[in-house]
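Q: What follows is a structure written as C-alpha cells; I'll ask about it next.
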Ligand SMILES: Cc1cc2nc3c(=O)[nH]c(=O)nc-3n(C[C@H](O)[C@H](O)[C@H](O)COP(=O)(O)OP(=O)(O)OC[C@H]3O[C@@H](n4cnc5c(N)ncnc54)[C@H](O)[C@@H]3O)c2cc1C
C-alpha cells in the first residue's frame with residue numbers, strides 16, 4: 001500500500017518521501033512469496049470489485065512503465081456449497097457489478113480442471129474469468145522505482161520511530177533525523193496495529209506453503225492453465241485457496257510447485273508481535289493445509305516443498321482500514337489488510353494519495369473508512 005501510494009503521489013508531481021524499515025520488497029512483512037491471488041468478483045465484500053478493477057488498470061499501467069509482468073489473468077474457480085461464504089460472496093460481488101460468472105457443471109469441471117473436480121454432489125463451481133495471480137515483489141519494486149524516477153525520496157532501512165502531527169504539519173522522527181511533512185500516510189502493515197489504539201488490528205502469523213505433485217503424478221497437470229487460482233470452502237470454517245505452478249515468470253527455482261493456504265479470516269486468531277515473529281517452521285505450520293489439500297486436490301505430496309512465514313493484519317470486520325484518521329486530519333491510514341489486500345494495493349495507493357491531497361475519491365470507500373471504528 002505504501003509503495004503504491006508513493007508512486008501515485010509522485011506521478012502527480014508531489015514532493016514525497018517513502019520510509020521503509022527494511023530494504024524495499026523484503027520478506028519480513030506481508031507482501032513477499034512470489035504470488036497473490038487476484039479476483040475481480042471479490043467474495044469478501046461487493047464494494048471491493050470496483051477497487052479490484054481500478055487496481056487492474058494500475059497494474060497494467062505499471063507493467064507498461066516497468067516492462068515486467070505484474071498480473072496474470074487466467075480465470076479462477078470458486079468452489080463450495082451454494083450458501084457458503086465463498087460461493088454466496090462471489091455471486092453477490094458479481095451481481096452487484098454485472099460480472100459474468102460461469103457455473104461449471106461436474107462434467108465440464110472434470111474436463112477442464114480435473115484436479116478441482118472432487119466436489120460434494122451439492123457443491124457448485126463458479127468460474128471468475130477476471131481472476132489470476134499478481135506478483136508482489138516485482139510490483140513493489142516497480143512502484144518504488146517509478147516513484148524514484150519521478151523524484152520521490154526513498155529511504156530504505158530507515159525505521160520511523162515517531163509521528164507527531166500538529167496544527168501546521170507532521171514531524172516524522174527516525175534514528176538519523178527528523179522530517180517535516182504536510183501530511184503523512186501510515187501504511188505499516190502488521191506494525192500499524194501498535195499505532196492505532198482506537199481500532200483492534202490483529203497481526204497474525206500466516207505461513208505460506210508450496211507443494212509438489214506426488215511421485216508418479218504428471219507435473220504437466222499442475223501448471224496454472226490446468227490448476228488455476230481456486231478458493232474452495234470445504235466446511236463452514238475450512239477454506240482452502242491455491243493455484244498451480246506459475247512457471248518461469250516467477251523464477252526457475254519455483255518449478256512445478258503448487259501454492260496453497262488456508263483462509264485466515266475463517267480461523268482462530270493468535271495475535272503476534274511483528275518485531276518478534278517466529279520465523280522457524282514446524283509441522284503445525286502446514287499440517288492443516290496439507291490435510292485440506294489431501295481432501296480437495298488429488299495427487300499432491302502432503303509434505304510441503306517450501307514453507308515461508310508471513311503475516312496478515314485482521315480488522316474487526318475483516319475489511320481494510322483506509323482513509324483519514326479520525327484522530328488527526330493530517331494522518332492518513334492504510335492498513336488492516338485482513339489477508340486480501342495485495343490485489344487491491346495499486347488502487348489503495350491511489351485512494352491513499354487522493355486522501356492525502358484532498359482529491360475526491362473515484363470508488364466507494366465508505367466501507368473501509370477508519371472512522372467506523374473510532
Ligand atoms: C500467506 C498470505 C497469503 C495472502 N494471499 C493473498 C491473496 O491471495 N490475495 C491478496 O490480495 N492478498 C493476499 N494476502 C494479503 C496481502 O499479502 C496483504 O494484504 C498485503 O501484502 C499487505 O500489504 P501492506 O502494505 O498492508 O503491508 P506490508 O507489505 O507488510 O507493508 C508494510 C511495510 O511497512 C514497513 N514498516 C512498518 N513499520 C515501519 C516503520 N515504523 N518505519 C518504516 N517502515 C515501516 C514494513 O517494513 C513493511 O514493508 C496474503 C497474505 C499472506 C500472509
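Numbering (full-length UniProt numbering), first residue to last: 1 to 374. Ideal Cβ positions, reconstructed from N, Cα and C, are used throughout, including at glycine.
(1) Would you report the Cα separation of residue 184 and residue 123, rounded to the nearest angstrom?
(2) Just tell me which of 80, 235, 206 has its CA closest to the CA of residue 261.
(3) What three-state label does DSSP hand residue 365 in the structure shown?
(4) Do residue 37 and ligand 1 come close, with the Cβ less than 6 Å from some heavy atom?
(5) Would you check whether ligand 1 has a heavy atom nearer than 6 Å to the C-beta of residue 22?
(6) Looking at residue 326: is its Cβ nearer than 7 Å to the Cβ of residue 371?
(7) Give every residue of the same chain whose Cβ lies closer than 8 Å to the Cβ of residue 24, excluding the five residues on either side of it in the sequence, and list them in chain order.
(8) From what residue to what residue does the beta strand (DSSP E) around residue 106 run?
(9) Could you pull out every residue in the same chain whose Cβ sits closer than 8 Å to the Cβ of residue 18, ignoring the five residues on either side in sequence?
(10) CA-CA distance, residue 412 and residue 9?
(11) What residues are listed by DSSP as bridge partners for residue 318?
(12) Compare the C-alpha of residue 133 against each of 335, 37, 334, 258 and name the closest.
(13) What ranges does the beta strand (DSSP E) occupy inside the region 132 to 162, keeping only unbroken runs of at least 3 residues that lie completely in it?
(14) For residue 346, count neighbouring C-beta atoms within 10 Å of its own C-beta (all shown protein chains included) and say buried if the count is 16 or more, exposed if not.
(15) Just tell me which of 246, 128, 73 has its CA closest to the CA of residue 98.
(16) Specify whether the region 336 to 355 and the region 229 to 246 touch according to this definition: at least 3 beta carbon pairs, one from each stretch, less than 8 Å apart.
(17) Assuming residue 214 and residue 203 form a contact by the criterion Cβ under 8 Å, report the distance between their Cβ atoms to the nearest whole angstrom.
(18) Identify which residue in 72, 191, 164, 367 has its Cα closest to the Cα of residue 244.
(19) DSSP three-state label for residue 188, please.
(20) For residue 285, which of helix, strand or coil comes out of DSSP?
(21) If you draw a straight line from the C-alpha of residue 311 to the C-alpha of residue 53, how long is it?
(22) Sorry if obvious, but does the Cβ on residue 42 come closer than 6 Å to a heavy atom of ligand 1?
(23) Helix, strand or coil for residue 43? Go by DSSP, reduced to three states.
(24) Candidates 333, 269, 304: which alpha carbon is nearest residue 314's?
A: Considering the structure as presented:
(1) 47 Å
(2) 206
(3) coil
(4) yes
(5) yes
(6) yes
(7) 3, 140, 141, 144, 154, 156
(8) No beta strand (DSSP E) holds residue 106; the alpha helix (DSSP H) holding it covers 106 to 112.
(9) 2, 3, 6, 144, 147, 152, 153, 154, 155
(10) The shown model of the chain, from 1 to 374, leaves out residue 412, and the question about it has no answer.
(11) DSSP lists no partner for residue 318.
(12) 37
(13) 132 to 134, 153 to 155
(14) buried
(15) 128
(16) no
(17) About 35 Å separates the two Cβ atoms, so there is no contact after all.
(18) 72
(19) coil
(20) helix
(21) 25 Å
(22) no
(23) coil
(24) 269
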